[in-house]
Amino acid sequence: MMGSFKPAKKDEEDGGGNPYHNVDKTSVLQEARVFNDTPVNVKRCTHVLTKILYLLNQGEILSEKEATDVFFAMTKLFQSNDLVLRRLVYLGIKELCGVAKDTIIVTSSLTKDMTGREDQYRAPAIRALCRITDATMMLSIERYMKQAIVDRAPGVSSAALVSCRHIMKDSPEVVKRWVSEVQEALVSDGVMVQFHALGVLHQIRKSDKLAVTKMVSKLISSGLRSPYAICFLIRIVARLIEEDEAGTDSRLFDFLEAMLRHKAEMVIYEAANAIVTLKRSSARELAPAISVLQLFLSNPKPTLRFAAVRTLSKVAMTQPNAVAACNLDLENLIQDVNRSIATLAITTLLKTGSEGSVDRLMKSISSFLNDISDEFKIVVVEALRALALKYPRKQSVLMNQLADMLRGEGGLPYKEAIATTIITIIEDNPEAKEKGLDHLCEFIEDCEHTTLAVRILHLLGREGPRTRRPARYIRFVYNRVILENAAVRAAAVSVLAKFGAQCESLLSNILVLLQRCMMDTEDEVRDRATYYHAVLSTKDSALIHRYILNPPQYALASLERALVQYLRTDTTATFDTKTLPTAPPPQEEKKTPNIMETASRPEERVVPSHEKYAEQLAAIPRFARLGPLFKSSAPLELTEAETEYMVRCIKHTFLNYIVLQFDCTNTLNDQLLEGVNVVVEGDGWEVEASIPCPSLPYSQLGSCYSLLPIPEDIMSTTGTLSATLKFKVRDCDPATGEPDTDEGYEDDYTLEDVEISVADHVQRAARSNFAAGWDELGAANELEDTFALAAMNTLEEAVAQITQFLGMHPCDRSDRVPDGKSSHILYLAGTYRGGHEVLVRAKLALSDGVTMQLTVRSDDPEVSEIIASAVG
């Protein structure tokens, strides 16, 4: 006997405890024939049905025929009265009803179980019946559902109420007729019945704000016994307070405060959480809720400790002073056996701690980090970053802690988080630059992650030449050429070139090192070394600036299209790169879609908006000759949100033309619009061609276009255009969308004006070295003026508005205004239509409003003039 147990125990140790791990769909469907046996083999049918449910829950998909065959075979199991088998049959019906055909046939069997005496059958029968019954059959079971809602058995009543919530999606009017029964269930003794009844009642009335308010007032007065129902009521009350902007003196807020003294811990926590998450709560109003959460921090139950510290961590983001009173209790939680609680405690302390407590917290973190996973360590690093920005004088202590963490064990995401934090400190505080670079240089000596090493090398190339002793970093960079893989070696060669371009004293040594790199085994490294050596050997500052410090960055898709087009035409002429759009700055690139979102559509190709518009316009013969698309604006709404016709405008800028794309939507289901066009008019602007939308049915998107030549006078390239939507209306049947008559009538609709601004002619462009670009352009075409921005009250607002208005890209992180500063310098870079480089330096000072000294440099005097005059 003992020997027979040993193999099973060994399987369990080997991870083979799941008996259905190797279940195959085909074999299971063959086994399902056992459902047809008479009499029913309960044990075998239970086993097979469990396998089917397992497969379905693992994502296995049955065809309609397979699902229908299994479904009808499964219905024969109603012959058995075995409780376990019958419950599995109900689950099978719910899983297969969406795929199988003619599932309505089991309605009579489910109705019989629903109205029977066996409570173990009744509740699951109700849930299954409501899944297979459509809106047309709902009347036949309405009487039974009303009885079930008020049934004495709590399980039956809850099942009926939960089913009501599902029925509401397709048949809301039917459920609304059961309000009296739902209200009766609301006074039930069953705690879950009360909770489910309140949920149904709220779902019925949620579209009527007055009805919800009356319901809440009544429940506050009468009270509820179920703690689950009270928690749900607290959430409804908190939502009403936010929507009504009710003050803390309201009766609703008094109810939340009263629930802080409830006997149930879940109700107390829910009330405290609702109070601290209200947007307009002050520190005084938060105090009672914070006190309750503070008591939970020392509760023996881990769930309450976790809930309390998580909520306090969220509050600390917006009101750290309110949470500071809990710091002693939070410090005690650092040693909590639950590492999730300990991590939240330490990160909350980092948000609320004072400048004097930083040293003590760093000691706690050192011993704490050894016991947690990388995911929790990253959370701590993020908190350290916020603390470093909050207390600049403590950045030295924090930098040392981060350097120790960087040398410790950890994966790539953890090390990237630390490196990002050190880089943030370097960029925020120039005094910490050299120390931070030293730590990063020591790290890349043993760094095993290629992407991280390349990123740090890129930072060295940008910041190293600007330090007091740039030569000290050459050794670290050249070591990468000797010791690392090809990708890191190539990055190191580029960094050496940047040192040589900016440090004249190091140029001769850099040329020697680059000459050695020409013997590398990797062609990418050799090519870079040869290229940079050739450029640096010229000692031509203009050439070095153009091809090393700020090299041209074109949008590759547009470059490819332009080259293909060039090869199809006369290639004796020089290929002109000035008309090509530049690549967008890194922060403007689209984020990678969520893996769960793309799993269902793997064949879909993510296309940047610029490329999408370029392909769309190139497909229209009238626009194919316009050349490369320079820039497309963000969509501009020309109508209000809820009007008969919705129109938005997208401005596409080419070298000599602007194309206005009008996306139109018809929101009237009894009208068909034909010959839809937008007529634009403005001083100095002429419409060369219009492409109308032939037909615009209800709720479908259609586009029409207007082609406008850009005036030759650069000072006339901005202006305001009036816009009118014109179309022919044909009345139609709302149900089918078919026109009632062959004739229609002409109509028009006035739209908002379309403004063509300087930003429509300027493309955002990244400049890795603004100072070098500024010196290279020189003062030949420089224009300077001073402006008073009286409408702006903060430097942050001024930075955002100027950047958006000029359509340029902020360089050297100059769009980030340090806290407490009364002056700031904003650096902007862009490319004006035609390939003209533009750089702007805006010196901002805060007084009565914001005063700005604007300096513009460009390679064309007219471009400097139009940019400078745009602000005035």
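Quick note, the sequence shown lines up with residues 1 to 872 if you use the UniProt record's numbering.
No residue lacks a Cβ here, since even glycine has one placed at the ideal position from N, Cα and C.
The alpha helix (DSSP H) enclosing residue i, as first and last residue numbers
i, result
"ASP775", "770-777"
"residue 930", "Not covered by the structure: residue 930. The range shown for the chain is 1 to 872."
"ARG561", "556-568"
"HIS652", "Where HIS652 is concerned, there is no enclosing alpha helix (DSSP H), although the beta strand (DSSP E) it sits in stretches over 645-653."
"THR277", "265-277"
"CYS231", "227-244"
"LEU839", "Careful: LEU839 lies outside any alpha helix (DSSP H), inside the beta strand (DSSP E) at 836-847."
"TYR90", "83-96"
"ALA197", "191-205"
Distance CB(residue i)-CB(residue j) smaller than 8 Å
i, j, result
"residue 877", "LEU828", "Nothing in the structure corresponds to residue 877, since the chain is present only between 1 and 872."
"VAL276", "VAL315", "yes"
"GLY719", "PRO694", "no"
"LEU350", "LEU389", "no"
"ALA800", "MET852", "no"
"residue 873", "ILE426", "Outside the shown range of the chain, which is 1 to 872, sits residue 873, and nothing can be said about it."
"LYS498", "GLY461", "yes"
"VAL174", "ILE167", "yes"
"LEU85", "THR46", "yes"
"ARG764", "HIS809", "yes"
"PRO465", "CYS517", "no"
"residue 888", "VAL200", "Here the chain comprises residues numbered 1 to 872, so residue 888 is not present and cannot be evaluated."
"LEU707", "VAL647", "no"
"LEU496", "VAL477", "yes"
"TYR260", "ALA271", "The residue asked about is misnamed: residue 260 is Leu in this sequence, not Tyr. Yes."
"LEU77", "THR50", "no"
"VAL358", "ALA417", "no"
"LEU725", "VAL687", "no"
"GLU868", "LEU854", "The residue you asked about is not Glu; residue 868 is Ala in the sequence shown. The answer is yes: Cβ separation under 8 Å."
"SER716", "GLY682", "no"
"ILE141", "VAL179", "no"
"VAL99", "LEU62", "yes"
"ASN332", "PHE306", "no"
"PHE630", "THR667", "no"
"SER313", "ILE334", "no"
"TYR566", "ILE548", "no"
"VAL454", "ALA487", "yes"
Supposed contact pair residue j and residue i - C-beta distance, whole angstroms, cut 8 Å
i, j, result
"PRO861", "ASN793", "Contact doesn't hold; Cβ gap of about 35 Å is too wide."
"HIS449", "LYS415", "6 Å"
"PHE443", "ARG475", "Contact doesn't hold; Cβ gap of about 15 Å is too wide."
"PRO227", "VAL162", "Their Cβ separation, rounded to whole angstroms, is 18 Å, which puts PRO227 and VAL162 out of contact at 8 Å."
"LEU219", "LEU233", "6 Å"
"GLY773", "HIS610", "That pair is no contact at about 23 Å."
Residue i, enclosing beta strand (DSSP E) - first and last residue
i, result
"ILE658", "657-666"
"CYS704", "701-709"
"ASP428", "Run containing ASP428: none in the beta strand (DSSP E); it sits in the alpha helix (DSSP H), 412-428."
"CYS45", "Element bounds for CYS45: not the beta strand (DSSP E) but the alpha helix (DSSP H), 42-57."
"PRO861", "Taken as a continuous stretch (DSSP letters only), PRO861 belongs to no beta strand (DSSP E), being part of the alpha helix (DSSP H) at 861-871."
"LEU672", "671-681"
"GLY830", "823-832"
"ILE756", "754-756"
"GLY719", "719-731"
"ARG764", "762-764"
Distance cut-off 7 Å: residue i Cβ against heavy atoms of the ligand MG
i, result
"LEU617", "Among the components of this structure there are no ligands whatsoever, and the ligand MG is therefore not found."
Within-8 Å CB hit, residue i to chain D
i, result
"ASP815", "Of the protein chains in this structure there is only one, and it is not chain D."
With a threshold of 8 Å, are at least 3 pairs of Cβ atoms found where one atom belongs to the segment 288-301 and the other to the segment 329-346?
yes
Three or more C-beta pairs below 8 Å linking the segment 629-637 and the segment 690-705
no
Say whether the segment 70-79 touches the segment 35-44, bearing in mind that this needs 3 or more beta-carbon pairs closer than 8 Å, one atom from each stretch.
yes
Measuring CB atoms only, is the segment 617-630 touching the segment 734-744, in the sense that at least three cross pairs come out at less than 8 Å?
no
Starting from the N-terminal side, write out each stretch of the alpha helix (DSSP H) that is 4 residues or longer and does not extend beyond the segment 316-378.
320-323, 327-332, 339-352 and 358-368
Tell me whether the segment 523-533 and the segment 559-566 touch, counting them as touching only if at least three CB pairs, one residue from each stretch, are closer than 8 Å.
no
Hey, which unbroken runs of the alpha helix (DSSP H) at 4 residues or more fall wholly within the segment 497-527?
507-517
Which runs of the alpha helix (DSSP H), 4 residues or longer, sit entirely within the segment 98-184?
107-114, 119-132, 138-149, 154-170 and 172-176
Does the pairing of the segment 573-585 with the segment 536-556 give three or more beta-carbon distances under 8 Å?
yes
Would you call the segment 565-573 in contact with the segment 746-755, where contact means no fewer than 3 C-beta pairs closer than 8 Å?
no
Continuous beta strand (DSSP E) assignments of at least 3 residues falling wholly in the segment 778-818:
783-789
Completely contained beta strand (DSSP E) runs for the segment 381-411, where each covers 3 or more residues:
none
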